[in-house]
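Following: one structure in structure tokens, then a few remarks.
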């Protein structure tokens, strides 16, 4: 799910954010012509899904910008 350089507190927060998304408490943004889903973890970290939420990748904001 995440790159090794993500701090533990960020990984834990990302798990909570995903759970909120699964339960409908928050909504993901659609990016790249609506094909990808994005959840903001912090201003510096994002969760990105390329498969409609089946799997998520935790990315720094810089890595996220390079992926989109």
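Numbering (full-length UniProt numbering), first residue to last: 1 to 68.
For every residue, glycine included, the Cβ atom is placed at its ideal position computed from N, Cα and C.
Look at the alpha carbon of residue i and the alpha carbon of residue j, and state the distance between them as a whole number of angstroms.
| i | j | result |
| --- | --- | --- |
| residue 9 | residue 33 | 31 Å |
| residue 55 | residue 49 | 6 Å |
| residue 5 | residue 11 | 10 Å |
| residue 62 | residue 23 | 28 Å |
| residue 65 | residue 47 | 12 Å |
| residue 38 | residue 17 | 11 Å |
| residue 14 | residue 41 | 6 Å |
| residue 30 | residue 20 | 17 Å |
| residue 27 | residue 7 | 24 Å |
Could you confirm whether any beta carbon from chain C is found closer than 8 Å to the beta carbon of residue i?
| i | result |
| --- | --- |
| residue 20 | Within the model displayed, chain C is absent; a lone protein chain is all it includes. |
Whose CA, out of the options, lies closest to the CA of residue i?
| i | options | result |
| --- | --- | --- |
| residue 52 | 68, 16, 35, 62 | 35 |
| residue 43 | 58, 25, 21 | 58 |
Per DSSP, what kind of secondary structure is residue i in: helix, strand or coil?
| i | result |
| --- | --- |
| residue 1 | Unreliable positioning characterises residue 1 in this predicted model, as indicated by a pLDDT of 49, which lies under 50. A coordinate reading is not provided. |
| residue 19 | helix |
Considering only DSSP beta bridges, list what residue i is partnered with.
| i | result |
| --- | --- |
| residue 57 | 48 |
| residue 30 | 37 |
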